[in-house]
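Notes for the one structure printed next.
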Amino acid sequence: MIRTDGWKDDSRNPVIGTNVATSTKVIWYFSYLPLDLVQANGHKKDGDSMCAAFEVMIVKVEATYRCYVVLFVCDNDGGSQRGRKNLGVKRPWLFIVPCCAHQGQLILGDYLTVNVEASEIAEKAIELIHWILSHDRVRKIFDDAQFVKNFVVLVYLLANLTRWTTHYIAFRRLLHLRIALRYAVYIHRPEILAAQLGVEKNKKAILKITAQVNTQCDLIEDNTFWTSLERVVDDMEPICYATNINQADRTRPDQVLLTFAGLFFHFGRHPNRSVSKGMLARIEKRWAALDQPLFVLCLILNPYEGLGRFGDKSEINVFVLSLELVSLYHRVRSRPTASPRSAAHIAGDRAREHELSTSFMQYMAGTGPFQAWRANKEQFQTQHPDEPHLVWENFKATDGVKELARFAILLLGLVVNQASTERTFSDCKIKKTRLRNRLGTVKLGKMSKVTLILSSDIRQENLTAGLIHERAARNVHDPAKVSGLLSVPMYADALDPDEDEEGKPRSNLVRTAGGWRAEEQEEELLANVTDEEESGVDSGPEPKAQKPPRKPKSFFSALPRTFTREALLMQLLAAEESDESPDDGALSGSGDEFEP
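Per this note's numbering: the sequence shown = residues 1094 to 1689.
The following block contains the structure:
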């Protein structure tokens, strides 16, 4: 796997970094090494030039490590995007995807573009933070108020475009300090004005400073601002959570797909319909840029998931998936060989593809070698909750399943982000500072390689000896909310059982208009079937198999929906203001008709 990205050092030189992940004895584990740092002054950034540079990287990796490159990850800007597409045409056997970790920040930019109100609130919040940080005496007053109300003084955080989650973190901190800020303005407003005025004597300057202080103090006292900021933070949090998931060292393609689905669900039920429509269109655009068969099949080959996340309207069936899997497998193995393929070689490839398709059918049906797995799935998942590759490791020695197991391990071992390259740049920024700005790019790359290898070995030895401990993960999100931020429900949860939790039969009464429509469709279908059986007329040929859908809406349609309290209240308010009478079976003001 190759990941490449760009960066500017303290000398303002553009640097292209390349990292490679090579497999070790265990195929699903990858060790990351910085391959090269290249100073890119004067390099062309058009599509053809970028494609040629990418090919040089691939040739160098395959020659240096004597391996085959299966995945190439780069940025999705103009030159890189065209170069990536050209590379896919020249080398179709490669998985070529843009960095999925960047998608979170891009979606955040989409959100602030689509939601004009959120953009205005975000600008006001950033101006407020800058105002507090820019005046030391004013900040001291707010710090004292923090200590009075919270018994601790927290810093004011700034949003930074190059730090992908800082907008959410900065605004969440501001909300946390809301009570202390309002207390300071209510009690010490004259002192705040005097602190910023200082010894200023110019009348125009005094009027300008007074207006600025009054604007910020009025903003702090404005309840509407804080309510709007809460809504913005609630929308930013799932985007931030998706970014944190997608920038991890071991982010799998199936996890990326579920983050897209979670964002799709969140904005699909957004109370502002214009924001919802705009965000869904932009999320679909981001999803369309990815190698979709890779992500979908990786989710299906995750033995903990399978088809459990897909809705009944996704038009996915095992035959279409089998064809897609064989096509992807054939594409990966279509790499040119040194000599022409012999007839025996071609026959062997066809036999492996036949074995792959047959074993995939068994996997989907839970029969044959997979029957025991279905019986012990829950217990194994409890012991190894986030290690689907271990399931396939146990099937590598099983006849008839080996090819599927190896291919599944390959797909589940792919990491579709540039996290290792970004980490290399962070290390280089520590080494090349303003005091050491004459350090050359070549030497900087060598130092980075040595540091990475030695520090990882030393750290592992210290961990084994118990001299140090693993650093606890940062708790950015509220533990009580994190499970529902990007939740994509299992389709099985949408099916109501015949009995409720107490064992009593569920009511057969239809309670919603949607329920009435479903009842009518079912009766209509039953009547058509009865007429065909009585007339003896054939219903006609079965529809032809189609390719899997390409949009998140098609994949996850007809899944159970969860609604926020705010969305339900907005819907009830709209229903009460309208003169439309409820459908039969729906209660007035019950919210039964809510459809995001």
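From the three backbone atoms N, C-alpha and C, an ideal C-beta is built for every residue, glycine too.
Is residue i helix, strand or coil by DSSP?
i, result
"Lys1536", "helix"
"Pro1331", "helix"
"Asn1568", "coil"
"Thr1451", "helix"
"Pro1346", "helix"
"Val1581", "coil"
"Leu1199", "helix"
"Lys1118", "Only weak support is given to the placement of Lys1118: the predicted model assigns it a pLDDT of 39, under 50, and the value that follows is read from those uncertain coordinates. In this structure, Lys1118 counts as coil in the three-state DSSP scheme."
"Ser1104", "coil"
"Ile1561", "coil"
"Val1494", "coil"
"Ala1431", "coil"
"Val1419", "helix"
"Ile1409", "coil"
"Leu1270", "coil"
"Leu1351", "helix"
"Leu1619", "For Leu1619, the pLDDT reaches just 46, beneath the cut-off of 50, and the residue's location in the model is therefore unreliable, although a value from the coordinates is still provided. Of the three classes helix, strand and coil, the one that applies to Leu1619 here is helix, per DSSP."
"Glu1293", "coil"
"Arg1402", "coil"
"Gln1305", "helix"
"Pro1478", "coil"
"Gln1340", "coil"
"Lys1574", "helix"
"His1359", "helix"
"Asn1555", "helix"
"Gly1135", "coil"
"Ala1194", "coil"
Looking at the unbroken beta strand (DSSP E) that takes in residue i, where does it start and where does it end?
i, result
"Leu1164", "Leu1164 to Cys1167"
"Lys1183", "Lys1183 -> not in any beta strand (DSSP E); alpha helix (DSSP H) instead, spanning Gly1171 to Lys1183."
"Val1190", "Phe1188 to Pro1191"
"Lys1101", "Ile1095 to Lys1101"
Which residue marks the beginning of the alpha helix (DSSP H) containing residue i, and which one marks its end?
i, result
"Lys1233", "Asp1229 to Asn1243"
"Arg1379", "Arg1366 to Ala1381"
"Phe1147", "Gly1140 to Tyr1158"
"Thr1460", "Note, Thr1460: premise wrong, no alpha helix (DSSP H); not H, not E."
"Pro1481", "Pro1481 to Glu1486"
"Tyr1249", "Neither: Tyr1249 is in no alpha helix (DSSP H) and is coded neither H nor E."
"Asp1315", "Unbroken run through Asp1315: none, as it is neither H nor E."
"Ile1258", "The amino acid occupying residue 1258 in the given sequence is Thr; Ile does not appear at that position. Unbroken run through Thr1258: none, as it is neither H nor E."
"Gln1385", "Gln1385 to Ile1393"
Less than 6 angstroms between C-beta atoms, sequence neighbours within five positions excluded: which residues of the same chain meet that for residue i?
i, result
"Arg1105", "none"
"Ile1272", "Lys1242"
"Met1690", "What is shown of the chain runs 1094 to 1689, which leaves residue 1690 out entirely."
"Ala1277", "Ile1234, Phe1235 and Ala1238"
"His1447", "none"
"Asn1530", "Asp1103 and Ser1104"
Tell me, please, which residues DSSP counts as bridged to residue i.
i, result
"Val1509", "Val1509 pairs with nothing; no bridge assigned."
"Thr1111", "Thr1097 and Asp1129"
Leaving aside the five residues before and after residue i along the sequence, list all residues of the same chain whose C-beta is less than 7 angstroms from its C-beta, in chain order.
i, result
"Thr1111", "Ile1095, Thr1097, Leu1128, Asp1129 and Met1150"
"Ser1415", "Ser1450, Phe1453 and Met1454"
"Ala1252", "Ile1219, Thr1259, His1260 and Ala1263"
"Gln1174", "none"
"Asp1631", "Model confidence at Asp1631 stands at a pLDDT of 42, short of 50, so the residue's coordinates are unreliable; what they give is reported in the following sentence. Result list for Asp1631: empty, nothing under 7 angstroms."
"Arg1424", "Pro1185 and Trp1186"
Whose C-beta lies closer than 8 angstroms to the C-beta of residue i among residues of the same chain, with five residues either side of it excluded?
i, result
"Gly1099", "Pro1107, Val1108, Ile1109, Gly1110, Ala1133 and Asp1168"
"Glu1387", "In the sequence on display, residue 1387 carries Leu and not Glu. Counting only Cβ-Cβ distances below 8 angstroms, and skipping sequence neighbours, we find Phe1188, Val1190, Pro1346, Leu1421, Leu1504 and Leu1507."
* To do: Determine, using beta-carbon pairs with one atom in the segment 1373-1385 and one in the segment 1183-1197, whether at least three such pairs fall under 8 angstroms.
  => yes
* To do: Evaluate contact between the segment 1317-1337 and the segment 1242-1255, counting only Cβ atoms and requiring at least three cross-stretch pairs below 8 angstroms.
  => no
* Asked: Does the segment 1140-1160 come close enough to the segment 1568-1577 that 3 or more CB-CB pairs lie under 8 angstroms?
  -> no
* Asked: If we count Cβ pairs, one from each stretch, closer than 8 angstroms, do we get three or more for the segment 1386-1398 versus the segment 1343-1357?
  -> yes
* Asked: Do the segment 1351-1367 and the segment 1212-1221 meet, that is, are 3 or more Cβ pairs less than 8 angstroms apart?
  -> no
* On the three-pair Cβ rule with 8 angstroms, is the segment 1139-1149 touching the segment 1172-1187? -> yes
* Asked: Counting pairs of Cβ atoms below 8 angstroms between the segment 1532-1548 and the segment 1321-1329, do you hit three or more?
  -> no
* **Three CB pairs or more closer than 8 angstroms across the segment 1480-1489 and the segment 1431-1441** => no
* To do: Indicate whether the contact test is met: 3 or more Cβ pairs, each with one atom in the segment 1277-1296 and one in the segment 1306-1315, closer than 8 angstroms.
  => yes
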